[in-house]
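One structure is given here, and the rest of the page talks about it.
Number of protein chains: 2
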Amino acid sequence: MTEATRRERLRAETEREIRQAARTLLVTQGREAVTLRAIARELGITAPALYRYYNSHEDLLRQLCDDICQDMSHELYKDIADLGEDQVRDQVRAVCHAFRRWALAHPQEFSLVFASPQDALGPKPDQFGSVFLEVAARLIASHPAPEQEHADVPSTLHGDLASFQEVLIQAVASHGCEVSAAELSLGAIYHIVQSWVRLYGHVALEVFGRFPFAVANPEPMFDRMIDQMLTDIGFGD
Amino acid sequence: MTEATRRERLRAETEREIRQAARTLLVTQGREAVTLRAIARELGITAPALYRYYNSHEDLLRQLCDDICQDMSHELYKDIADLGEDQVRDQVRAVCHAFRRWALAHPQEFSLVFASPQDALGPKPDQFGSVFLEVAARLIASHPAPEQEHADVPSTLHGDLASFQEVLIQAVASHGCEVSAAELSLGAIYHIVQSWVRLYGHVALEVFGRFPFAVANPEPMFDRMIDQMLTDIGFGD
DNA sequence: ACGGTTCAGTGAACGGTGTTTACAAAGTTG
DNA sequence: CAACTTTGTAAACACCGTTCACTGAACCGT
Chain P
1 MTEATRRERL RAETEREIRQ AARTLLVTQG REAVTLRAIA RELGITAPAL YRYYNSHEDL
61 LRQLCDDICQ DMSHELYKDI ADLGEDQVRD QVRAVCHAFR RWALAHPQEF SLVFASPQDA
121 LGPKPDQFGS VFLEVAARLI ASHPAPEQEH ADVPSTLHGD LASFQEVLIQ AVASHGCEVS
181 AAELSLGAIY HIVQSWVRLY GHVALEVFGR FPFAVANPEP MFDRMIDQML TDIGFGD
Chain S
238 MTEATRRERL RAETEREIRQ AARTLLVTQG REAVTLRAIA RELGITAPAL YRYYNSHEDL
298 LRQLCDDICQ DMSHELYKDI ADLGEDQVRD QVRAVCHAFR RWALAHPQEF SLVFASPQDA
358 LGPKPDQFGS VFLEVAARLI ASHPAPEQEH ADVPSTLHGD LASFQEVLIQ AVASHGCEVS
418 AAELSLGAIY HIVQSWVRLY GHVALEVFGR FPFAVANPEP MFDRMIDQML TDIGFGD
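Taken in order, these protein sequences are the chains called P and S. Using the working numbering, you'd call the opening residue of the first sequence number 1 and step up by one each time. Using the working numbering, you'd call the opening residue of the second sequence number 238 and step up by one each time.
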């Protein structure tokens with residue numbers, strides 16, 4: 001059967017139950033309610049027992065953030081799975097809409113992930129925009145005409161963009177698309193990052209209710225922005 | 238002298254001292270350290286005394302947010318005060334850079350203001366992007382050629398944009414610039430909002446350390462984005 | 001099958017938190 | 001001076017994260 005011993009299986013099980021309880025508390029009662037004692041109460045154990053699984057309350061929240069990001073990532077990929085391999089532009093559109101929809105449907109999770117400082121975290125650098133960035137990179141790479149040159153991106157950024165280029169190429173490759181550095185120029189990378197800035201800016205403003213004026217229905221504005229983004233990248237319809 | 242009685246002056250004084258202490262704690266030791274007892278300790282009083290001034294801890298934090306926004310607003314206006322009345326494009330550039338600089342220099346304040354949900358707040362709808370929005374509106378209105386039409390903005394948004402148009406016209410007017418609705422078209426308003434989305438997106442990502450890749454020096458990227466923004470609005474050099 | 005070891009969980013305790021309540025001591029006002 | 005308002009205190013409550021000594025059960029090598 002499974003390689004793990006019985007003990008390890010039980011441990012992994014309750015570990016999952018703990019985070020599930022924490023997640024439920026977060027969603028139903030907000031971040032403040034995610035307390036060690038409340039979680040333990042939910043599982044029918046006492047608070048100190050949780051220290052067998054997590055070093056601290058902060059540690060638990062950190063791992064909860066990882067869970068959330070992973071779930072969102074899976075959901076986003078699920079939303080573009082139905083689309084054909086060749087409809088990459090539709091995939092970009094879909095992933096943008098899915099990201100907004102997820103954030104609006106899970107404001108507490110979205111806030112928690114963003115409120116937590118990225119500083120003293122593990123080796124994972126991003127894990128939030130990665131899905132969008134991968135799909136967008138696939139779109140540009142798969143397009144036959146990479147007319148974008150890296151003439152208009154400041155030379156100071158070439159180093160950073162080049163290292164990110166490698167990361168993106170590897171990310172795309174892990175989805176079965178082999179691309180070369182030539183197909184994914186530095187200019188293209190730059191446009192992708194700029195698109196992520198806009199996408200994130202809109203969604204964050206909307207989720208946090210910080211739009212400069214009361215928007216009755218932000219959806220058409222979002223649609224319009226996605227169109228503009230695609231046009232700027234060079235994929236206007 | 239002042240209209241207020243002696244008691245009212247004393248009250249206002251300690252009220253200011255309380256928020257000053259809270260602010261210092263926030264900056265030096267982070268949000269978690271802004272506790273009622275810590276604030277009281279700083280003033281040499283006890284925690285329950287603070288309830289004579291604020292209804293709750295949450296209420297105090299809310300008002301602290303207001304303080305922060307107001308301070309930032311003043312600082313931003315101070316940064317563009319040196320520029321001539323007619324150099325409005327430079328003013329936009331300056332206010333963008335000032336916003337980024339302020340956010341990077343005050344990450345704790347920036348995070349606190351954004352982490353706090355906007356929902357159950359007072360009558361103030363925004364108070365964060367207002368400075369940028371006002372200056373940007375002034376730029377467009379002062380420009381002789383308002384070639385932007387509202388043909389390319391979704392008709393669904395006309396209502397929301399029109400109401401925001403009024404707000405902006407009033408905001409610009411309060412700075413001595415009378416403009417008509419014709420000089421500040423709906424298309425222009427839309428571009429201003431889009432610019433704010435990008436500006437906020439970049440700054441938030443940078444402050445929260447959530448850029449998709451390690452950027453050694455984000456400043457040239459920011460400069461490049463501001464250029465692009467101005468070009469999109471119709472003010473490329 | 002037994003004995004030692006590992007491990008999950010408990011209960012009590014410590015210092016800290018927001019908040020309420022009853023009360024004292026000032027300041028203000030008639 | 002007396003009545004009243006305002007400001008602060010001390011004690012208490014329930015809750016929080018965290019530590020520690022301890023129990024009991026599961027595991028493992030012999």
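Cβ coordinates follow ideal geometry from the N, Cα and C atoms, glycine included.
Query, Result
"In terms of residue numbering, what span does the alpha helix (DSSP H) encompassing Ile-169/P cover?", "158–173"
"What is the rounded straight-line gap between the Cα of Met-72/P and the Cα of Cys-65/P?", "11 angstroms"
"Please compile the residues from chain P whose C-beta is within a distance smaller than 9 angstroms of the C-beta of Thr-221/S.", "Absent from the structure is residue 221/S, since the part of chain S shown begins at 238 and ends at 474."
"Closer than 8 angstroms by beta-carbon distance: list the chain S residues that pair up with Val-197/P, in chain order.", "Arg-435, Gly-438, His-439, Leu-442 and Met-462"
"Counting pairs of beta carbons, one from the stretch 432–444 of chain S and one from the stretch 338–351 of chain S, are three or more of them closer than 8 angstroms?", "yes"
"With a 10 Å radius around its C-beta and 16 neighbouring C-beta atoms as the bar for buried, classify Tyr-190/P as buried or exposed.", "buried"
"Under three-state DSSP, which class holds Leu-76/P?", "helix"
"Is the Cβ of Asp-397/S closer than 8 angstroms to any Cβ of chain P?", "yes"
"Decide yes or no for the touch test of the stretch 217–230 of chain P against the stretch 402–410 of chain S: beta carbon pairs closer than 8 angstroms, at least 3 of them.", "no"
"Hey, Phe-99/P and Leu-199/P are a contact pair by Cβ (cut 8 angstroms); roughly how many whole angstroms apart?", "7 angstroms"
"Is the Cβ of Gly-413/S closer than 8 angstroms to any Cβ of chain P?", "no"
"Could you tell me whether the stretch 247–256 of chain S touches the stretch 447–460 of chain S, using the rule of 3 or more Cβ pairs below 8 angstroms?", "no"
"Excluding five sequence neighbours on each side, which residues of the same chain lie with their C-beta closer than 6 angstroms to the C-beta of Val-329/S?", "Val-372, Ala-373 and Leu-376"
"Compare the C-beta of Ser-56/P against all C-beta atoms of chain S and say whether one is closer than 8 angstroms.", "no"
"Would you kindly check if the distance between the Cβ of Ala-49/P and the Cβ of Ala-40/P is under 8 angstroms?", "yes"
"Under a three-way DSSP split, which group does Arg-447/S fall into?", "coil"
"Within a Cβ cutoff of 6 angstroms, which residues of the same chain sit near Met-238/S, ignoring the five residues on either side of it in sequence?", "Residue placement at Met-238/S is poorly supported in this model, since its pLDDT is 49, which falls under 50; the coordinates still yield a value, given next. Cβ neighbours of Met-238/S beyond the five flanking positions: none."
"Return helix, strand or coil for Gly-359/S, following the three-state DSSP convention.", "Here Gly-359/S scores only 49 on pLDDT, less than 50, and its place in the model is too uncertain to base an answer on."
"If you measure between the beta carbons of Ile-406/S and Val-390/S, is that distance less than 8 angstroms?", "no"
"Give the residues of chain S in contact with Pro-163/P, contact being defined as C-beta atoms less than 7 angstroms apart.", "The sequence given here places Ser at residue 163/P; Pro does not occur at that position. By Cβ distance, chain S contributes Phe-450."
"Below 7 angstroms CB to CB, which residues in the same chain sit around Ala-22/P once its five sequence neighbours on both sides are set aside?", "Val-34, Ile-39, Leu-60 and Leu-64"
"Should Pro-123/P be labelled buried (16 or more other beta-carbon atoms within 10 Å of its own) or exposed?", "With a pLDDT of 45 at Pro-123/P, under the threshold of 50, the predicted position of this residue should be treated as unreliable, and no value is reported."
"Cβ of Gln-345/S less than 8 angstroms from any chain P Cβ?", "no"
"Assign Arg-19/P to one of two classes, buried (16 or more other C-beta atoms within 10 Å of its C-beta) or exposed (fewer than that).", "buried"
"Would you mind telling me which residues of chain P sit closer than 7 angstroms to Phe-336/S, beta carbon to beta carbon, in chain order?", "Neighbours of Phe-336/S on chain P: none; closest Cβ ~13 angstroms, over 7 angstroms."
"Can you list the residues of chain P that Phe-365/S reaches, using a CB-CB cut of under 9 angstroms?", "Arg-210 and Pro-212"
"Ile-45/P lies in the alpha helix (DSSP H); which residues open and close that run?", "No alpha helix (DSSP H) contains Ile-45/P, which DSSP labels as neither H nor E."
"At what residues does the alpha helix (DSSP H) containing Asp-464/S begin and finish?", "456–470"
"Taking just the CA atoms, how far does Ile-305/S sit from Ile-80/P?", "42 angstroms"
"Drop a sphere of 10 angstroms on the beta-carbon of Gly-44/P, count the other beta-carbons inside from all chains shown, and report buried for 16 or more, exposed for fewer.", "exposed"
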